[in-house]
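Asks: Chains as they are written, first to last, in the working numbering: chain A, 851 to 1226; chain B, 851 to 1226. Beta carbons: idealized from backbone N, C-alpha and C, even for Gly.
Protein chains: 2
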Amino acid sequence: MSDKRYLILAEEYSHDPHYGKTMWGVMRYRRESVVAILDSKRAGETELGVPIVATVNDALCFNPNTALVGVVTQGGHFPGDWQALLKSAAAKGLDIENGLHYRLREVPGLVETAQKHGVELIDLREPPAGVSTATGANLSVPATIVLTVGTDCAIGKMTATCELDLEARGRGLKSVFVPTGQTGIAIAGWGIAVDAVVSDFIAGAAERLVVEGHERGGELLWVEGQGSILHPVYSGVTLGLIHGSAPHLYVLCHEVGRDEVEGAGGGPHPLPPLAEWVELHERMSLRARPAKVAAIAMNTRFVDEEAARAAIEEAERETGLPADDPVRFGAAKLVDAVLALGQDYASPHPNCPDGASASRLNCRSDRGKAAKGDNL
Amino acid sequence: MSDKRYLILAEEYSHDPHYGKTMWGVMRYRRESVVAILDSKRAGETELGVPIVATVNDALCFNPNTALVGVVTQGGHFPGDWQALLKSAAAKGLDIENGLHYRLREVPGLVETAQKHGVELIDLREPPAGVSTATGANLSVPATIVLTVGTDCAIGKMTATCELDLEARGRGLKSVFVPTGQTGIAIAGWGIAVDAVVSDFIAGAAERLVVEGHERGGELLWVEGQGSILHPVYSGVTLGLIHGSAPHLYVLCHEVGRDEVEGAGGGPHPLPPLAEWVELHERMSLRARPAKVAAIAMNTRFVDEEAARAAIEEAERETGLPADDPVRFGAAKLVDAVLALGQDYASPHPNCPDGASASRLNCRSDRGKAAKGDNL
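#1: Bridge partners for Tyr1103/B per DSSP, in chain order?
#2: If you count every other CB in all the chains shown that lies within 10 Å of the CB of Asp973/A, and 16 or more means buried, which is it?
#3: Taking C-beta pairs closer than 8 Å, name the residues in chain A that Thr985/B reaches, listed in chain order.
#4: On a CA-only basis, which of Met1148/B, Thr994/B and Leu950/B is nearest Glu1069/B? Give me that one, please.
#5: Pick out whichever of Thr1030/B, Met1148/B, Gly870/B and Asp866/B has its Cα sitting closest to the Cα of Gly1180/B.
#6: Mind checking whether Asp1154/B and Trp1072/B have CB atoms under 8 Å apart?
#7: Quick one: Cα of Leu1099/B to Cα of Gly968/A, how far?
#8: Which residue comes first and which comes last in the beta strand (DSSP E) that contains Ile1005/B?
#9: Cβ of Leu936/B less than 8 Å from any chain A Cβ?
#10: Mind listing which residues of the segment 1087-1103 of chain A have their C-beta closer than 7 Å to chain B's C-betas, in chain order?
#11: How would you call Pro1097/A, buried or exposed, if buried means at least 16 neighbouring beta carbons within 10 angstroms?
#12: How is the alpha helix (DSSP H) around Leu1059/B delimited, first residue to last?
#13: Please decide whether His951/A counts as near chain B, where near means a Cβ-Cβ distance under 8 Å.
#14: Just to confirm, is the Cβ distance from Val1048/A to Ala1056/A under 8 Å?
#15: Report yes if the CB atom of Val1083/A is closer than 8 Å to the CB atom of Ala1114/A, and no otherwise.
#16: Quick one: is Pro1123/A near chain B, going by C-beta distance under 8 Å?
#17: For Leu954/B, go through chain A and note every residue whose CB falls closer than 8 Å to its CB, in chain order.
#18: Span of the alpha helix (DSSP H) holding Trp1040/B?
#19: Return the residues of the segment 1031-1049 of chain A that lie within a Cβ-Cβ distance of less than 7 Å from chain B, sorted by chain order.
#20: Based on DSSP bridge pairs, tell me the residues matched to Lys1142/A.
#21: Looking at the structure shown, is Phe1027/B part of a helix, part of a strand, or coil, going by DSSP?
#22: From this set, Asp1175/B, Thr1033/B, Tyr863/B and Asp1050/B, which residue's C-alpha is nearest Arg975/A's C-alpha?
#23: Can you look up Ile1079/A in the DSSP assignment and give me helix, strand or coil?
#24: From Arg1167/A, Ala1144/A and Glu1164/A, pick the residue whose C-alpha is nearest to that of Leu1191/A; which is it?
#25: Is it a yes or a no for the segment 1022-1032 of chain A touching the segment 1122-1133 of chain A, going by three-plus beta-carbon pairs under 8 Å?
#26: Just to confirm, are Val1177/A and Glu1013/A a CB contact at a threshold of 8 Å?
#27: Write down the C-beta distance between Gly1054/A and Gly1086/A rounded to the nearest angstrom, noting that I regard them as a contact closer than 8 Å.
#28: Residues in the segment 1131-1150 of chain A with C-beta within 8 Å of chain B's C-beta atoms, listed in sequence order?
#29: Spell out whether any CB of chain B is found under 8 Å from the CB atom of Leu997/A.
#30: Let me confirm a value: Thr998/A is counted as buried when at least 16 other C-beta atoms fall within 10 Å, else exposed. Which label applies?
#31: Assign Val1185/A to one of three DSSP states: helix, strand, or coil.
#32: Taking 8 Å as the threshold, find out whether the segment 981-994 of chain B comes into contact with the segment 1156-1176 of chain B through three or more Cβ pairs.
#33: Is the CB of Ser1215/A under 8 Å away from at least one CB in chain B?
#34: From Arg1133/B, His1119/B, Trp932/B and Ile1146/B, pick the residue whose C-alpha is nearest to that of Asp1186/B; which is it?
#35: Counting only the same chain and skipping the five closest in sequence on each side, list residues whose C-beta sits under 6 Å from that of Glu1105/A.
#36: Measure the CB-CB distance between Val884/B and Val900/B and report whether it falls below 8 Å.
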């Protein structure tokens, strides 16, 4: 994918899939680029075969070239004692990638250290130049656009999106993962953190991403969702992303057992039933692009297999839609559900002999190009 | 209100309530602070008694101390030829207030001109320091919070909000207008442009505004709405504002005859019926603060009086809610509707002898403090 050799900075949080979610996302979907993890309390252990070290010095024998901030925090600020760690990484010649709202140039002395040692400071959340309001170009992207949405933050939307893309690529489809947050950007090496743009430009940033996803060869775009439309803190990002990415289809993500918003003050903020989430998302779609929920991605990590299967069945009964845990049981069923509806919703293929009513995904003229294993 | 003496810069748009909406808002609700309007094509005319001039020089006899950018544009950029005008204003010793996304410091040479002439450059949209994510403090503000929402941008949400506040203040209520956009800020002299904050912080900015509205003495807060929950470009701002301001009640604003979103690309984007807007807003409320639509504010500016009254009646029939045009026919009916529901939804008054079930607005111990004309 690139010549990145990451030392992931995960001090205090290397064990924590919530606060360490950037580390865990990169470990799962870009494992080949990770050479070491820094978390002083776990030094000497390994994680998925990657050595854990106590200091930047201890990591140098694994030959990293980039230190990646592997943690996220609410509001996006650094834990206080990280400043010395970042300067230490720069002083050892490592580029630094950071996905927090807090920018690397704001760490006192870090810019000087970086210049002295000739390393690059990369803020993954820094919006690219020229992001502005949405233009409507999202509605003429000639690709099938699928957005993951969810009942809360940090329930596995990015993970589900990656799994769906991997499954579709495995079938030989021209599938592209469209990253909208810092972890997705670290994994894919492109994207825009839509939560970091000026709020008038959220939809504009999302629009730009689906346009770029198509330019990168995607005829099936899996857009990484953010937050939830009923989240007390982040719902604005979610709805701007929905309207800006203009999906044809949603995959609704839910974590088994979660019945209220986590980590938001002033609550409790109870979550409505799944069937209501399905209906609300469909009704909150752009009227110029009515989107349907195609399937439910269930995150069953906190329950045993029997309970997981029961919860998936219950979700199917409640919503009438296919449901599955794409991590635990594979993404095939969810991709099947999307492709089945994709026939109805996808944009027509300009060169398709079936004419305007045919879907890009199922256009006969494209099928020959799909790799073996394609079961359209 | 202050010692501002505004020259409103409205070149090309002084006649236009859409692109000149900052000018028109200030003319309507802060008329006493306006000494002249600049629009070269209309020089020599007057608007509501205010002289229109061709150049900054021509305005000096009216003794302005501040030039206010009176126009808005989609995406918030200056029309090209405004740079010379702004420098001319600064060179004549006028402070400059600007509500566009584009910042005054980005106008080439303007900072130097301002420094040389000792004038201040004020970007109304510049977020204050320390805006961050919402904390839940919005849910414990001891005031009745009313948010205007709408079916599109630029249909009179700010105007309706000002009229509702004026009517409530006329009744002696402790009413405060809570500004969330550049025009409201220019009128009230405080506020945050929620569309200009980092998108993760929209709800946090809105929360801060209702907290401040109460600190400014408000027991009845009228929060200026932005955009629409189905707007292809700005819906993220709208939903973040809804969840961050945590209203007890909505006033839904609609313009008679508008049946699709204006100015958004990729459309048409048809508007659903009013009854559906009512239902969607109520269902998209925070589950910890279920809000009801109390009334419909109809903007009837483009139709005659008979058609206006017919449209208002039709809106009432369709929604079952009181409707009126607060500009054309006064805000009394809408305020009555809010106060009637305010009894059920307002936070309990800590010192109210009626106990926890009584509304602040109707608490007997407060009534004596209300001015004459209070008809609670």
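Replies: Reading off the structure:
#1: Here residue 1103/B refers to the residue found at position 253 when the second sequence is read from its first residue. Checking the displayed sequence, the identity of residue 1103/B turns out to be Cys instead of Tyr. Cys1103/B is bridged to Gly1000/B and Ala1147/B.
#2: What you label residue 973/A is simply residue 123 of the first sequence in a count that begins at 1. With 16 or more other Cβ atoms within 10 Å, it is buried.
#3: Here residue 985/B refers to the residue found at position 135 of the second sequence. Ordered by position in chain A, the residues that pass the 8 Å Cβ test against Thr985/B are Gly1115 and Gly1116.
#4: Your numbering for residue 1069/B matches position 219 in the second sequence. For the residues Met1148/B, Thr994/B and Leu950/B, the minimum Cα distance to Glu1069/B belongs to Thr994/B.
#5: Along the second sequence, one-based indexing puts residue 1180/B at 330. The shortest Cα separation from Gly1180/B among Thr1030/B, Met1148/B, Gly870/B and Asp866/B belongs to Met1148/B.
#6: Taking the second sequence and counting its residues from 1, one reaches residue 1154/B at position 304. Taking the second sequence and counting its residues from 1, one reaches residue 1072/B at position 222. For Asp1154/B and Trp1072/B, no; Cβs fall outside 8 Å.
#7: The residue given as residue 1099/B occupies position 249 in the second sequence. The residue given as residue 968/A occupies position 118 in the first sequence. Using only the alpha carbons, I get a separation of about 56 Å.
#8: For this step, residue 1005/B is matched to residue 155 along the second sequence. Here Ile1005/B belongs to no beta strand (DSSP E), and DSSP marks it neither H nor E.
#9: On the second sequence, residue 936/B is found 86 positions in, with the first residue counted as 1. With 8 Å as the cut-off, Leu936/B does not count as an interface residue toward chain A.
#10: Val1087, Leu1089, Gly1090 and His1093
#11: Within the first sequence, the letter at position 247 stands for residue 1097/A. Buried.
#12: Taking the first residue of the second sequence as 1, we reach residue 1059/B at position 209. Counting along the chain, the alpha helix (DSSP H) containing Leu1059/B begins and ends at Ile1052 to Glu1065.
#13: Indexing the first sequence from 1 puts residue 951/A at position 101. For His951/A, the answer is yes, since a Cβ of chain B falls inside 8 Å of its Cβ.
#14: As a position in the first sequence, residue 1048/A is number 198, starting the count at 1. As a position in the first sequence, residue 1056/A is number 206, starting the count at 1. For Val1048/A and Ala1056/A, no; Cβs fall outside 8 Å.
#15: Your numbering for residue 1083/A matches position 233 in the first sequence. Your numbering for residue 1114/A matches position 264 in the first sequence. Against a cut-off of 8 Å, the Cβ pair of Ala1114/A and Val1083/A comes out as a contact.
#16: Counting from 1 along the first sequence, the entry for residue 1123/A is found at position 273. Chain B contact via Cβ: absent.
#17: On the second sequence, residue 954/B is found 104 positions in, with the first residue counted as 1. In chain order: nothing, as chain A lies at least about 16 Å away.
#18: The residue given as residue 1040/B occupies position 190 in the second sequence. Careful: Trp1040/B lies outside any alpha helix (DSSP H) and carries neither H nor E.
#19: Val1044, Asp1045, Ala1046, Val1047, Val1048 and Ser1049
#20: As a first step, residue 1142/A must be located in the first sequence, where it is residue number 292. The partner list for Lys1142/A (beta bridge, DSSP) reads Leu1099/A.
#21: Here residue 1027/B corresponds to residue number 177 of the second sequence, with the count starting at 1. Residue state, collapsed to three classes: strand.
#22: Position 125 of the first sequence, counted from the start, is the residue given in the question as residue 975/A. It is Asp1050/B.
#23: Working through the first sequence from its first residue, we reach residue 1079/A at position 229. If DSSP states are grouped into helix, strand and coil, Ile1079/A belongs with coil.
#24: For this step, residue 1191/A is matched to residue 341 along the first sequence. Nearest C-alpha to Leu1191/A: Ala1144/A.
#25: no
#26: In the first sequence, residue 1177/A corresponds to position 327, counting from 1. In the first sequence, residue 1013/A corresponds to position 163, counting from 1. Yes, the pair counts as a contact, with Cβ atoms nearer than the cut-off.
#27: Here residue 1054/A is taken as the residue at index 204 of the first sequence, counted from 1. Here residue 1086/A is taken as the residue at index 236 of the first sequence, counted from 1. Contact flag wrong, Cβ pair sits at about 14 Å.
#28: Arg1133, Met1134, Leu1136, Arg1137 and Ala1138
#29: Here residue 997/A corresponds to residue number 147 of the first sequence, with the count starting at 1. No, its Cβ sits nowhere closer than 8 Å to a Cβ of chain B.
#30: Along the first sequence, read from residue 1 onward, the residue named residue 998/A stands at position 148. By the neighbour-count rule (16 or more Cβ atoms within 10 Å), Thr998/A is buried.
#31: Position 335 of the first sequence, counted from the start, is the residue given in the question as residue 1185/A. Reduced to three states, the DSSP call for Val1185/A is helix.
#32: no
#33: In the first sequence, counting from the first residue as 1, residue 1215/A sits at position 365. Because the pLDDT at Ser1215/A is just 36, under 50, the model does not fix this residue reliably, and the value given afterwards should be weighed accordingly. No, its Cβ sits nowhere closer than 8 Å to a Cβ of chain B.
#34: To locate residue 1186/B, count along the second sequence from 1; it is residue 336. The shortest C-alpha separation from Asp1186/B is found at Ile1146/B.
#35: For this step, residue 1105/A is matched to residue 255 along the first sequence. So the list reads Ile1005 and Asn1149, once near-sequence residues are dropped.
#36: Position 34 of the second sequence, counting from 1, holds the residue named residue 884/B. Position 50 of the second sequence, counting from 1, holds the residue named residue 900/B. Going by C-beta atoms, Val884/B is nearer than 8 Å to Val900/B.
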